[in-house]
Amino acid sequence: NLSLVVLQPGSKMVSSAKAAVPTVTDQAAAMQLGQCAKNLATSLAELRTSVQKAHEACGPMEIDSALQSVQTLRNELQDAKMAASDGQLKPLPGETLEKCAQDLGSTSKAVGSSMAQLLTCAAQGNEHYTG
5 NLSLVVLQPG SKMVSSAKAA VPTVTDQAAA MQLGQCAKNL ATSLAELRTS VQKAHEACGP
65 MEIDSALQSV QTLRNELQDA KMAASDGQLK PLPGETLEKC AQDLGSTSKA VGSSMAQLLT
125 CAAQGNEHYT G
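Just so you know, we're using the working numbering here: the sequence shown kicks off at 5 and counts up by one.
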């Protein structure tokens with residue numbers, strides 16, 4: 005994760021800033037430097053915690069897998085669009101055009117309903133449903 009790249013140099017910066025505080029002759033500047041070092045240390049700790057929580061919640065493999073699935077589905081959808089525009093779509097053996105049309109309609113309704121539910125849960129911050 006790119007945010008982890010910031011942690012080590014940021015920690016070194018905090019240490020350097022804290023070490024430099026006693027050498028600063030301007031008291032206001034020394035106090036400001038010390039406070040900034042504390043703020044940076046706090047922010048880095050929060051970043052580390054957030055990255056760990058995100059990693060635990062999502063896992064890099066799950067995200068990569070989901071992205072790959074989306075790309076595969078996008079490709080399949082594009083292939084289906086091309087086949088439809090070329091008039092190449094045909095029912096599977098044992099299926100009729102009417103049954104396929106009915107299945108398509110019910111599946112479309114189910115997808116629409118699921119998307120609406122997903123958007124509602126995401127807007128409400130329901131992590132149980134949205135992951």
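We put the CB at the ideal spot given by N, CA and C, even for glycine.
Candidates the options: which alpha carbon is nearest residue i's?
i       : options                        : result
Leu-93  : Glu-99, Gln-36, Ala-84         : Ala-84
Leu-137 : Pro-13, Gln-56, Ala-58, Lys-57 : Because the chain is modelled from 5 through 135, residue 137 falls outside the range shown and cannot be assessed.
Ser-19  : Thr-29, Thr-46, Gln-31         : Thr-46
Gly-38  : Thr-29, Val-25, Asp-30, Gln-31 : Val-25
Between the C-alpha atoms of residue i and residue j, what's the straight-line distance to the nearest angstrom?
i       : j       : result
Met-17  : Ala-70  : 37 Å
Val-10  : Ala-49  : 11 Å
Glu-102 : Leu-123 : 32 Å
Gly-129 : Ala-120 : 14 Å
Gln-106 : Gln-72  : 29 Å
Leu-96  : Ser-117 : 26 Å
Ser-110 : Cys-104 : 10 Å
Arg-52  : Ala-58  : 10 Å
Cys-125 : Glu-99  : 36 Å
Gln-36  : Ala-23  : 14 Å
Thr-27  : Glu-60  : 42 Å
Ser-89  : Leu-81  : 12 Å
If residue i sits next to residue j, beta carbons under 8 Å apart, how far is it from one beta carbon to the other, in whole angstroms?
i       : j      : result
Leu-108 : Val-55 : Actually they do not touch by this definition, with Cβ atoms about 43 Å apart.
Classify residue i as buried or exposed, calling it buried when 16 or more other Cβ atoms lie within 10 Å of its own Cβ.
i      : result
Ala-41 : buried
Can you confirm whether residue i, when its beta carbon is compared against all beta carbons of chain D, has any partner nearer than 8 Å?
i      : result
Gln-72 : In the structure shown, chain D cannot be found, because there is only a single protein chain.
- Message: Report the start-end ranges of each alpha helix (DSSP H) in the stretch 49-132 that is 4 residues or longer and not cut off at the edges.
- Response: 64-89, 101-128
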